[in-house]
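These notes concern the structure reproduced below.
Residue numbers (my numbering): 16 to 453.
See the structure below:
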């Protein structure tokens with residue numbers, strides 16, 4: 016981490032609430048998953064399934080990704096975050112909005128309740144874009160990664176706008192375009208615009224850094240950026256003008272080509288890594304991109320088959336690709352954020368805990384095991400239409416989420432461990448100290 020400036024890291028209250036919120040929604044996902052097991056073999060547009068999808072996309076993935084960006088972008092740009100208060104306000108909006116939106120889907124109240132939740136999430140996305148744009152505008156280093164993050168923020172706003180517009184059609188239909196078409200555009204823009212581009216920008220910074228590997232093939236990222244954006248833009252235009260038809264495959268091919276260049280860059284960094292053995296966090300990350308490859312190769316099958324394969328496709332992306340990356344990278348980034356706040360001033364003066372000692376390694380090991388067991392059982396249960404396997408997989412997911420949440424809480428509320436002779440000892444956790452100071 017020698018090539019980044021940790022001195023530009025933002026205040027804790029701008030970042031840590033997102034990790035706490037993400038852990039909360041991951042537990043909600045686990046409980047909801049047990050409830051919707053009988054519906055896993057039904058249509059993916061059922062109210063409970065849609066609510067579960069938004070727990071994944073808004074409450075879990077977007078929450079963590081926003082917090083991670085607020086932490087990483089100022090560091091790689093070596094410039095202070097534009098506004099920590101705006102970051103905190105965006106958390107409040109996205110958290111409250113997610114609760115309203117998910118509740119309205121769960122009990123299916125397509126009215127002002129749904130629109131209010133969507134409006135709060137839209138406001139959060141706009142504040143996120145302002146913060147990212149204003150912070151990244153001062154960046155001269157890591158130019159292509161900054162472009163990915165800013166582009167992802169723009170697609171995030173577009174995704175939330177489409178989501179709000181689609182919700183409006185349930186209350187006051189004002190568009191001739193069918194609601195299912197709007198839903199498909201909304202879903203693909205969120206996945207290929209917001210998630211894919213942010214993951215591309217962040218992963219090409221963090222993964223080589225944690226592997227102690229480096230790729231000199233930056234042209235791969237330039238090509239990935241161009242192809243992903245051209246493919247997604249063409250998909251939106253073609254879908255809006257003519258609907259989902261065979262021409263869409265051109266757009267899909269462009270986005271997939273962009274993904275290939277992104278993965279090629281990561282593979283080159285992996286090949287040139289100094290740290291050969293992979294720890295559990297990096298195994299999570301490698302597994303994440305394997306799930307992405309599986310999801311891409313399943314697209315032709317999903318296109319020709321029934322709702323069962325559509326469910327598998329969604330699980331590969333949300334429970335596999337996105338979740339596995341977050342589950343691993345959380346314990347690469349969050350412990351260092353807290354350690355930097357609590358121990359940086361004492362480092363070198365006497366023995367202090369390492370970042371990896373702020374959480375329990377055994378819980379991380381069980382998190383990884385239960386995660387693998389959960390996905391294997393759930394995939395088998397959906398394909399074989401076996402509820403016993405679905406329930407077993409859901410219970411494993413619950414155990415995994417408890418391990419994750421327990422470790423996150425332990426890190427967030429970590430108390431400083433400093434010898435008495437060192438002087439003044441701060442015993443409050445990072446979150447508690449921020450609350451006292453503000």
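Glycine residues also receive a C-beta, built at the ideal position from the N, C-alpha and C atoms.
* CB-CB under 7 Å to residue 229, same chain, minus the five flanking residues each way: which ones, in chain order? -> 223, 284, 287
* **Whole-angstrom distance between residue 310 and residue 396, CA atom to CA atom** => 18 Å
* Asked: What is the DSSP secondary structure of residue 428, counted as helix, strand or coil?
  -> coil
* Neighbourhood of residue 172 by C-beta, 7 Å cutoff - its chain only, sequence neighbours within 5 removed -> 140, 141, 144
* When DSSP labels each residue in this structure, what does residue 171 get in the three-state scheme? -> helix
* For residue 442, which of helix, strand or coil comes out of DSSP? -> Bear in mind that the predicted position of residue 442 carries a pLDDT of just 49, short of 50, making it unreliable; the figure below should be weighed with that in mind. Looking at residue 442 - three-state DSSP - the assignment turns out to be coil, as it is neither helix nor strand.
* Give me the Cα-Cα distance between residue 301 and residue 336, rounded to the nearest whole angstrom. => 9 Å
* Sequence-distant residues of the same chain with beta carbon closer than 8 Å to residue 189, five excluded per side -> 183
* If you draw a straight line from the alpha carbon of residue 208 to that of residue 274, how long is it in whole angstroms? -> 12 Å
* **Closest residue to residue 163 among 217, 194, 198 (Cα-Cα distance)** => 217
* To do: Consider the Cβ of residue 419: report whether some Cβ of chain C lies at a distance smaller than 9 Å.
  => Absent from the structure is chain C; it holds one protein chain and no more.
* To do: Keeping to the same chain, check which residues put their C-beta closer than 7 Å to that of residue 18; ignore five residues upstream and five downstream.
  => Any reading at residue 18 must be qualified, since the residue scores a pLDDT of 44, below 50, and its modelled position is unreliable; the value itself is stated next. Here the set comprises nothing.
* Candidates 420, 134, 339, 243: which alpha carbon is nearest residue 178's? -> 134
* Asked: Would you say residue 82 and residue 34 are within 9 Å of each other, going by their C-beta atoms?
  -> yes
* Asked: Taking DSSP as the reference, what is the three-state secondary structure of residue 154?
  -> coil
* Okay, do the segment 410 to 424 and the segment 56 to 67 touch, 3+ Cβ pairs below 8 Å being the bar? -> no
* Identify the continuous alpha helix (DSSP H) that holds residue 325 and give its terminal residues. => 322 to 330
* Per DSSP, what kind of secondary structure is residue 291 in: helix, strand or coil? -> coil
* Rounded C-beta distance between residue 347 and residue 221? I'm assuming under 8 Å. -> 7 Å
* For my contact list, residue 131 and residue 28 are in at a C-beta cut-off of 8 Å; report their separation, rounded to the angstrom. => The pair is not a contact, with the Cβ atoms about 25 Å apart (cut-off 8 Å).
* Asked: What separation, rounded to the nearest whole angstrom, lies between the Cα atoms of residue 351 and residue 326?
  -> 36 Å
* Asked: With a Cβ-Cβ cutoff of 9 Å, do residue 77 and residue 146 count as a contact?
  -> no
* Go ahead and pull the three-state DSSP assignment for residue 112. => helix
* **Candidates 254, 372, 385: closest to residue 299 by CA position** => 385
* Asked: Roughly how many angstroms lie between the CA atoms of residue 114 and residue 364, to the nearest whole one?
  -> 46 Å
* **Neighbourhood of residue 316 by C-beta, 7 Å cutoff - its chain only, sequence neighbours within 5 removed** => 324
* Along the chain, where does the alpha helix (DSSP H) that runs through residue 238 open and close? -> 234 to 257
* Given a cut-off of 9 Å, decide if residue 67 and residue 44 are closer than it, judged by their beta-carbon atoms. => yes
* To do: Look at the Cβ atom of residue 174, then the Cβ atom of residue 205, and state whether they are nearer than 9 Å.
  => yes
* Taking DSSP as the reference, what is the three-state secondary structure of residue 32? -> helix
* Between the C-alpha atoms of residue 243 and residue 271, what's the straight-line distance to the nearest angstrom? -> 8 Å
* To do: Give every residue of the same chain whose Cβ lies closer than 7 Å to the Cβ of residue 210, excluding the five residues on either side of it in the sequence, and list them in chain order.
  => 76, 337
* 8 Å contact criterion, which residue 154 and residue 94 should meet: CB distance rounded -> 7 Å
* What's the call for residue 451, buried or exposed, on a 16-neighbour Cβ count within 10 Å? -> At residue 451, the pLDDT of 43 sits below 50, so the modelled position is not reliable; the number obtained from the coordinates is stated separately. Exposed, by the Cβ-count rule.
* Asked: Nearest to residue 416 by alpha carbon, out of 356, 55, 334?
  -> 334
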